[in-house]
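Below: one structure, written as structure tokens.
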Amino acid sequence: MKQFIFSIVVACSLISFSQNIEKDLGEFSQLKTFDGLTVELVKSSSNKVVISGVNKDDVEIVNKNGLLKIKFNMPKVSTLYETKIVLFYKELNLIDANEGSFIFSDEVIKEIDLEIKAQEGAIIRLEVDAKRVNSRVVSGSIITLSGKAKNQDVVVNSGGKYKAKECITEQTKVSVSAGGSAKIYATEIAKAKVKAGGVIKIYGHPKLADTKTVFGGSITVVD
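At position 213 of the sequence shown (counting the first as 1) the number is 232 in the numbering used here, and the numbers step up by one without a gap.
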């Protein structure tokens, strides 16, 4: 009898685990993630989210004035088990990862203007196709970009890493400080500034490389 009851409990637990949570979302164009969550981006004709994993019931989604926040609904929820979130979106012009969260996509993110931010140990990995990309990465976070953009503006500090030598741009302005690092690709103009121990590597043989170093650090135009 005890074994029978145990089997029922296990079966119910497995059924609960296997059932995904799917929610339709209102209109949004900005995204912020928190609490070590992993979010996959998928372009769609509708805005919705699909959540799976052990902690799926603890995920909170707030949409306020077009800014979508994805986080756990209580502090210090264990992330020992995988919680997978797939976000279907119509438009995104801000992608902002916080608190060790991870945002990625296996598709090309196509937007005219795109702002990308990572802080507090978060990671972002994207392929982009944009006219303008503005990126900021701080406090040990990592942004990895590939694809193309006409113009790119980058700020890196506090040990952040910006890995974008596979993102081909015409013009890039990049500022790195406090132990941060950046790899960028520009074909026309690269404006690079390093302060207090930052490192910048410039790829693409730009026609103009305007560089400035203050209080240590290095800037290298790679052949």
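By construction, the Cβ of each residue, glycine as well, lies at the ideal position given by its N, Cα and C atoms.
Same chain only: Cβ atoms within 8 Å of GLY85, ignoring 5 sequence neighbours per side: Translated into the one-based positions of the sequence shown, residue 85 becomes position 66. Answer for GLY85: GLU46, PHE47, SER48, GLN49, listed in chain order.
Under the three-state reduction of DSSP, which class applies to LEU50: helix, strand or coil? On the sequence shown, position 31 is the one that residue 50 refers to. Three-state DSSP puts LEU50 in a strand.
ILE208 and TYR181 closer than 9 Å at C-beta: Locating residue 208 in the sequence shown gives position 189, counting from the first residue. Locating residue 181 in the sequence shown gives position 162, counting from the first residue. Their beta carbons are not under 9 Å apart, which means ILE208 does not touch TYR181 by this criterion.
Using 10 angstroms around the beta-carbon of PHE234, count the other beta-carbons present and answer buried if the total reaches 16, otherwise exposed. On the sequence shown, position 215 is the one that residue 234 refers to. Exposed is the call here.
Check whether VAL174 and SER194 have beta carbons under 9 Å apart: Locating residue 174 in the sequence shown gives position 155, where the first residue counts as 1. Locating residue 194 in the sequence shown gives position 175, where the first residue counts as 1. Yes, Cβ-Cβ distance for VAL174 and SER194 is below 9 Å.
Given that a residue counts as buried once 16 or more other Cβ atoms are within 10 Å of its Cβ, and exposed if not, what is GLN171? Numbered from 1 along the sequence shown, position 152 holds the residue referred to as residue 171. Burial call: buried.
Tell me whether the segment 125 to 140 and the segment 72 to 91 touch, counting them as touching only if at least three CB pairs, one residue from each stretch, are closer than 8 Å. no
Helix, strand or coil at ASP77 according to DSSP, with G and I counted as helix: Working through the sequence shown from its first residue, we reach residue 77 at position 58. Helix.
Would you check if there are 3 or more beta carbon pairs closer than 8 Å linking the segment 139 to 146 to the segment 70 to 77? no
Closer than 7 Å by C-beta to TYR100: which residues in its own chain qualify, once you throw out the five before and the five after it? Chain order, please. Translated into positions along the sequence shown, residue 100 becomes position 81. Below a pLDDT of 50, predicted positions are generally treated as unreliable, and TYR100, at 46, falls in that range; the measurement from the model is reported next regardless. Excluding sequence neighbours, TYR100 sits near GLY72, VAL73, ASN74.
Which of helix, strand or coil does DSSP assign to ASN117? Translated into the one-based positions of the sequence shown, residue 117 becomes position 98. In this structure, ASN117 counts as coil in the three-state DSSP scheme.
Option nearest THR191 by Cα separation, candidates TYR108, ALA228, ILE114: Here residue 191 corresponds to residue number 172 of the sequence shown, with the count starting at 1. It is ALA228.
Straight-line CA distance for GLY178 to SER154? Here residue 178 refers to the residue found at position 159 of the sequence shown. Here residue 154 refers to the residue found at position 135 of the sequence shown. Each residue's alpha carbon lies about 15 Å from the other.
Can you grab the Cα-Cα spacing for the pair LYS42 / LYS150, in whole Å? Position 23 of the sequence shown, counting from 1, holds the residue named residue 42. Position 131 of the sequence shown, counting from 1, holds the residue named residue 150. Rounded to the nearest angstrom, the two C-alpha atoms are 32 Å apart.
Taking the C-alpha atoms as reference points, what is the distance between LYS214 and ILE187? Numbered from 1 along the sequence shown, position 195 holds the residue referred to as residue 214. Numbered from 1 along the sequence shown, position 168 holds the residue referred to as residue 187. So the two alpha carbons sit approximately 25 Å from each other.
So what does DSSP say about ASN170, is it helix, strand or coil? Within the sequence shown, the letter at position 151 stands for residue 170. Three-state DSSP puts ASN170 in a strand.
Classify THR163: buried if its beta carbon has 16 or more other beta carbons within 10 angstroms, exposed otherwise. For the purposes of this step, residue 163 is taken as residue 144 along the sequence shown, with counting starting at 1. Its Cβ being crowded by 16 or more others within 10 Å, THR163 is buried.
Just the Cα atoms here: how many angstroms apart are ILE89 and THR57? Position 70 of the sequence shown, counted from the first residue, corresponds to residue 89. Position 38 of the sequence shown, counted from the first residue, corresponds to residue 57. In a straight line, the C-alpha of ILE89 is about 10 Å away from that of THR57.
Close beta carbons around GLY55, own chain, < 7 Å, minus the five adjacent residues each side: For the purposes of this step, residue 55 is identified with residue 36 of the sequence shown, where counting begins at 1. The residues are THR98, GLU118, GLY119, SER120.
Going by beta-carbon coordinates alone, are GLU59 and ILE114 separated by less than 9 Å? For the purposes of this step, residue 59 is identified with residue 40 of the sequence shown, where counting begins at 1. For the purposes of this step, residue 114 is identified with residue 95 of the sequence shown, where counting begins at 1. No.
Is it buried or exposed, LYS231, if we count other Cβ atoms within 10 angstroms and call 16 or more buried? To locate residue 231, count along the sequence shown from 1; it is residue 212. The residue in question, LYS231, is exposed, as its Cβ has fewer than 16 Cβ neighbours within 10 Å.
Could you tell me if LYS51 is buried or exposed, where buried requires 16 or more neighbouring beta carbons within 10 angstroms of its beta carbon? Numbered from its first residue, the sequence shown carries residue 51 at position 32. So LYS51 ends up on the buried side.
Do ALA205 and ILE219 have their beta-carbon atoms positioned less than 9 Å apart in this structure? Against the sequence shown, residue 219 aligns to sequence position 200. Against the sequence shown, residue 205 aligns to sequence position 186. Going by C-beta atoms, ILE219 is not nearer than 9 Å to ALA205.
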